[in-house]
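This report concerns only the one structure given below.
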Amino acid sequence: MYNKKYDLIVVGSGAGGFPAAIAAARRGLEVLLVERNAQIGGLLVSGLPILAFLDRSGNPVVKGIGQEIIDRLQALNGTKGHIPSPLLNSVTHVSAPWMSIILFEMCEQEENLDVLLYAELKEVKVDNGKMRGISVFCRGEEMVFEANLVIDATGDACVAYKAGAKYEKGDADGKGLQPPTITFELGNVDYEKLFDYLSEHPEGYKLPETFPGIEQTLDYFRSNICFTMMGFSDIVNEARKTGELTIPRNMIDICRQVNGNTFVNVTRSIDTDVTDFESIIKAEFVCHKQVKELVPFMQKYIPGFENAQLVSMIPFIGVRESRRIVGKKQLTLDNIKNLELPEDTVAIAGYNVDIHSPDSADMTMLTVKHGVGIPYGCLVPEYVEGLLMSGRTISVDQSAFAMTRVMSTCLAVGQAAGIAMAIAHKHGVLPSDIDVSELRAELKKDNALIALD
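Using the numbering used here, you'd call the opening residue of the sequence shown number 32 and step up by one each time.
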């Protein structure tokens, strides 16, 4: 059995885990980054656009390691940068292959960082409420790793769950989670034909009443080589009435990518709890069937898509919501409505409150005027010491979660978590006891944002 000791273990290499591992390794910690898949990056390498590097007022809200990734991508023509969006505040469309290459490259450049792929979390080692390490199952072998500091960036709070930390999930009854989805990519879409159609049928990009104050324009789509559009509700709703389309979604979400292809985000498996293995497996089957239903539907009914070809699909279902940890502090919808940026802010969320109905075809979007601060206590779980949360599982209520779940926010939270662990290691204290003012100062040194410019 393989056994090694590290200063810090980061479980999960997505938007919450990757920057945490990089930030800590750059400060001299011996770090192990554990990933269950074959690639570093989680949904960062899915092809999904990254939302809300800019807030609704145009303020940058994420820099630091997150912006470093985008700068490296831009040097390879793997992104057009941050494009303001009337719907999503900003969108950063990325090349999935170049993103993957860059993340591997950045890890390889850190001599203090080891990366373990194909590794599924098996056990969590806790002694008197303090983290002591993990075991994983990798390519037929069990491996044990010791560490007094662990970051849970699994996306589902798997480490915290197995360590006995208290968590919330969905509504007060543990139900009502936002549905997961499988996204897919289409090639050979004729956008000029689509735009000509939309010029004659502006109802095609009109948003429902559940998107108050948000308007999309054809000029916006024509003037941006990369964009994200939600629409075609007239076509979709008519098809759902006749039974020609069975997917529980009242709009189609298309993203014109850096490579000219089209990313489609429509599938939806309702009444799904992704923390239950039977439920998530069922959702995979449901969403695969929906892709087969959607492609010919779009070819038949949406002008410009007649000759579209299915190019790729995300290799695993995209999860919107699962566990949320109970932390020392909690970000709430009231904090968001009040546009709070507290003195202990360590990351800024710049998206909107974006809720996909758990049991219907509806969506709701509550706009947020500018970025909102995430206090350090949202990363610190109750009852388990030596553990920090990163990514979408930080301590927020369900409504606030609909804002903080996106990748840009996870990148910012991840960098804060990694630096916090470096400070804890430096001073020999628990991460719950670090001086947050020191963390904020270190974040500023790394060009991370903790206040609006």
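For every residue, glycine included, the Cβ atom is placed at its ideal position computed from N, Cα and C.
Item: Candidates Y198, K457, H113 and A431, of which the one nearest G89 by Cα; Value: H113
Item: Outcome for G160 when other beta-carbon atoms lying within 10 angstroms are tallied against a minimum of 16; Value: exposed
Item: Contact check, V384 vs V403, beta carbons under 8 Å; Value: no
Item: Collapsed DSSP secondary structure at M174 in the structure displayed; Value: strand
Item: Coil, strand or helix - S121 by DSSP; Value: strand
Item: Of the listed residues Y332, P243 and I481, nearest to I283 (C-alpha basis); Value: Y332
Item: Sufficient close CB pairs (3 or more, under 8 Å) joining the segment 274-290 to the segment 377-393; Value: yes
Item: Cutoff 6 Å; reference E315; Cβ partners in own chain excluding five residues on either side; Value: I348
Item: Completely contained beta strand (DSSP E) runs for the segment 358-394, where each covers 3 or more residues; Value: 376-380 and 384-387
Item: Residue nearest to G97 in terms of C-alpha spacing, selected from C286, F49 and L107; Value: F49
Item: Which residues DSSP lists as bridging M260, in chain order; Value: I285
Item: Best match in G358, I71, T259 and E374 for proximity to I132 [C-alpha to C-alpha]; Value: I71
Item: Sequence-distant residues of the same chain with beta carbon closer than 7 Å to S116, five excluded per side; Value: V122 and T259
Item: Under 8 Å between C-beta atoms of H387 and L483; Value: no
Item: Complete alpha helix (DSSP H) runs within the segment 408-440 (minimum length 4 residues, chain order); Value: 429-435
Item: Best match in L362, D477, L364 and V76 for proximity to W129 [C-alpha to C-alpha]; Value: V76
Item: Reference N34, options G95, E173, K111 and E136, closest by Cα; Value: E173
Item: Which of helix, strand or coil DSSP assigns to L147; Value: strand
Item: Same chain, Cβ closer than 6 Å to T435, five either side skipped, listed in chain order; Value: A380 and V427
Item: Cβ neighbour criterion (16 or more within 10 Å) applied to V317; Value: buried
Item: CB contact flag (K200, S300, <8 Å); Value: no
Item: Chain-order list of residues whose beta-carbon lies under 8 Å from that of A150 (same chain, five-residue window excluded); Value: V65, E66, R67, V167, F168, C169 and M174
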